[in-house]
Amino acid sequence: MATRQLAAEYQPRRGRRAQRSREKYNRKEAIAGLLFITPWIIGFLVFTVISMSYSLVLSFTDYDLATNTMDPVGTENFEQLAQNPRVLRSLGNTFTFALMAVPVEVSMALLIAMLLNSVRRGAGLFRVIYYLPKMTPAVATAAVFLLLLNGNQGAINKGLDMIGIQGPQWLLDPDWVKPSIVVMSAWSVAGSAVILLAALQAVPKELYESAALDGAGRLSRFRNITLPMISPTLFFIVITLTIASLQVFDQAYLLFYRDGANSAAPEAALFYGVYLYQQAFQQFNFGLAAAMAWLLFVIILLITVVQLKVGERLVYYEGGKR
Numbered sequence: 000m001a002t003r004q005l006a007a008e009y010q011p012r013r014g015r016r017a018q019r020s021r022e023k024y025n026r027k028e029a030i031a032g033l034l035f036i037t038p039w040i041i042g043f044l045v046f047t048v049i050s051m052s053y054s055l056v057l058s059f060t061d062y063d064l065a066t067n068t069m070d071p072v073g074t075e076n077f078e079q080l081a082q083n084p085r086v087l088r089s090l091g092n093t094f095t096f097a098l099m100a101v102p103v104e105v106s107m108a109l110l111i112a113m114l115l116n117s118v119r120r121g122a123g124l125f126r127v128i129y130y131l132p133k134m135t136p137a138v139a140t141a142a143v144f145l146l147l148l149n150g151n152q153g154a155i156n157k158g159l160d161m162i163g164i165q166g167p168q169w170l171l172d173p174d175w176v177k178p179s180i181v182v183m184s185a186w187s188v189a190g191s192a193v194i195l196l197a198a199l200q201a202v203p204k205e206l207y208e209s210a211a212l213d214g215a216g217r218l219s220r221f222r223n224i225t226l227p228m229i230s231p232t233l234f235f236i237v238i239t240l241t242i243a244s245l246q247v248f249d250q251a252y253l254l255f256y257r258d259g260a261n262s263a264a265p266e267a268a269l270f271y272g273v274y275l276y277q278q279a280f281q282q283f284n285f286g287l288a289a290a291m292a293w294l295l296f297v298i299i300l301l302i303t304v305v306q307l308k309v310g311e312r313l314v315y316y317e318g319g320k321r
């Protein structure tokens, strides 16, 4: 009887000690985690939160770089955006480019991912080879494409001549300016391809085997198994590529504005990011540039919200609707 009583008293004490030990361990883990992410938190606060807050204040002022003074102007900068035809033109060019670039880049990334997924021998080598363009500096890529897209001596037009097609003036014809930038942007889809490759490899093989036994062909398996199973990843790729396309700058600037001869560049190459850069760092109109940046932020936010709403109906999740 006494032994049972001692055991009964000991069990709660042991449970309390174990609970205190777990709580102490959890606190240590939480502290360690916070220490590891502290550099990111500091960077996020300094380079994102504080910078965005400062730019929001700047968008309501007329900032003079020479004297470092700000004169409040209210909503005048935002009113100028609606009245400036080049702002509207640059927005139109940017939206057109995004509508062209996103489907092309998603299709190419998916094609590359499926090719890599089908490779058995030397798969690692092929992945490295396909990923190398992503590692190429933007300036080097632009230099290569300036040669490739040359309307007279470019390699692309020479290849088209060999099959009896006269190539366009990629960098001079306004109708071909955006397609030329799309071609250059598609050069670096390897990052998206790697993400899609991981999604393809996560699709259960049993689904393909069952479908094959039922007589489903390759196209049917792709449409009814592959696409639904990787749809969350595809949805993520579409959102990120849309955001990147609406912020396009490097490709257009390096192809058409690298020498500062802005007047010589066709209007079709005037993207929103390029015009924002011109206002901020060439005309030093920082207030207007800050207003342009916030307008782009709101546009991207609204488009992303719409995409998320549409994605709720189109994206398949194994655990149910999210």
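Numbering (numbering that gives the first Met the number 0), first residue to last: 0 to 321. The beta carbon of each residue, even a glycine, is placed where N, CA and C say it ideally should be. Owing to the predicted nature of the structure, the values given are computational and were not obtained by experimental measurement.
Whose CA, out of Pro-102, Leu-115, Gln-250 and Glu-266, lies closest to the CA of Ile-194? To locate residue 194, count along the sequence shown from 1; it is residue 195. Answer by Cα proximity: Leu-115.
Is Thr-241 near Val-101, with beta carbons less than 8 Å apart? What you label residue 241 is simply residue 242 of the sequence shown in a count that begins at 1. What you label residue 101 is simply residue 102 of the sequence shown in a count that begins at 1. Yes. Within cutoff.
N- and C-terminal bounds of the beta strand (DSSP E) containing Asp-61: If you number the sequence shown from 1, residue 61 lands on position 62. Where Asp-61 is concerned, the enclosing beta strand (DSSP E) stretches over 60 to 63.
Ser-191 to Glu-266 span [Cα, whole Å]: Reading the sequence shown from its first residue, position 192 is the one you call residue 191. Reading the sequence shown from its first residue, position 267 is the one you call residue 266. Each residue's Cα considered, the two are about 30 Å apart.
Cutoff 6 Å; reference Leu-64; Cβ partners in own chain excluding five residues on either side: In the sequence shown, residue 64 corresponds to position 65, counting from 1. Excluding residues within five positions, the ones whose Cβ falls inside 6 Å are Phe-283.
Would you identify the three-state DSSP class for Pro-178, choosing helix, strand or coil? Translated into the one-based positions of the sequence shown, residue 178 becomes position 179. If DSSP states are grouped into helix, strand and coil, Pro-178 belongs with the helices.
Below 8 Å, can you find three or more Cβ-Cβ pairs linking the region 231 to 247 to the region 293 to 311? yes
With C-beta atoms as the reference, is Phe-96 less than 8 Å away from Ile-180? Looking up residue 96 in the sequence shown gives position 97. Looking up residue 180 in the sequence shown gives position 181. A contact, by the Cβ cut-off of 8 Å.
Meets three-Cβ-pair contact criterion under 8 Å: the region 277 to 295 and the region 58 to 76: yes
Indicate the three-state DSSP secondary structure (helix, strand or coil) for Asp-160 in the structure shown. In the sequence shown, counting from the first residue as 1, residue 160 sits at position 161. In the structure shown, Asp-160 sits in a helix (DSSP, three-state: H, G or I).
Could I get the ranges of all uninterrupted alpha helix (DSSP H) runs contained in the region 191 to 252, with 4 residues as the minimum, in chain order? 204 to 212, 217 to 220 and 226 to 245
How would you write the range of the alpha helix (DSSP H) that Thr-140 sits in, first residue to last? For the purposes of this step, residue 140 is taken as the residue at position 141 of the sequence shown. Residues 137 to 147.
Thr-68 (DSSP reduced to helix, strand or coil): By one-based count along the sequence shown, residue 68 stands at place 69. Thr-68 falls in the strand class under three-state DSSP.
Is Val-103 helix, strand or coil when you go by DSSP? As a first step, residue 103 is located in the sequence shown; it is residue number 104 there, counting from the start. DSSP places Val-103 in helix when its eight states are reduced to three.
Thr-303 (DSSP reduced to helix, strand or coil): Indexing the sequence shown from 1 puts residue 303 at position 304. Thr-303: helix per DSSP, three-state reduction.
Reduced DSSP secondary structure (H/G/I, E/B, other) of Val-273: The residue labelled residue 273 in the question sits at position 274 within the sequence shown. It is helical.
Cβ-Cβ distance between Gln-278 and Leu-269 below 8 Å: In the sequence shown, residue 278 corresponds to position 279, counting from 1. In the sequence shown, residue 269 corresponds to position 270, counting from 1. For Gln-278 and Leu-269, no; Cβs fall outside 8 Å.
Alpha carbon of Leu-212 to alpha carbon of Met-99, nearest angstrom: Numbered from 1 along the sequence shown, position 213 holds the residue referred to as residue 212. Numbered from 1 along the sequence shown, position 100 holds the residue referred to as residue 99. Cα to Cα, the separation comes out at about 39 Å.
Are there three or more Cβ pairs, one per stretch, closer than 8 Å when the region 121 to 132 is compared with the region 200 to 212? no
Give me the Cα-Cα distance between Gln-152 and Leu-146, rounded to the nearest whole angstrom. In the sequence shown, counting from the first residue as 1, residue 152 sits at position 153. In the sequence shown, counting from the first residue as 1, residue 146 sits at position 147. Whole-angstrom Cα-Cα distance: 8 Å.
Between which two residues does the alpha helix (DSSP H) containing Glu-78 stretch? Residue 78 sits at position 79 when you count from the first residue of the sequence shown. First-last of the alpha helix (DSSP H) with Glu-78: 75 to 82.
Pull up the distance between the alpha-carbon of Ile-232 and that of Pro-71, whole angstroms please. Position 233 of the sequence shown, counted from the start, is the residue given in the question as residue 232. Position 72 of the sequence shown, counted from the start, is the residue given in the question as residue 71. Checking the displayed sequence, the identity of residue 232 turns out to be Thr instead of Ile. Approximately 45 Å, taken between the alpha carbons.
Grouping DSSP H, G and I as helix and E and B as strand, with all else coil, what is Gly-170? Translated into positions along the sequence shown, residue 170 becomes position 171. Just to set this straight, residue 170 is Leu in the shown sequence, not Gly. Three-state result, Leu-170: coil.
Asn-25 by DSSP, collapsed to three states: which one? Residue numbering aside, residue 25 sits at position 26 when the sequence shown is read from its first letter. Residue state, collapsed to three classes: helix.
Using 7 Å as the cut-off, classify the Cβ of Gly-91 as near or not near the heavy atoms of the ligand MN, replying yes or no. No copy of the ligand MN occurs in the structure displayed, which carries no ligand at all.
Leu-226 classed as buried or exposed, judged by whether at least 16 other C-beta atoms fall within 10 angstroms: Position 227 of the sequence shown, counting from 1, holds the residue named residue 226. Per the 10 Å Cβ criterion, exposed.
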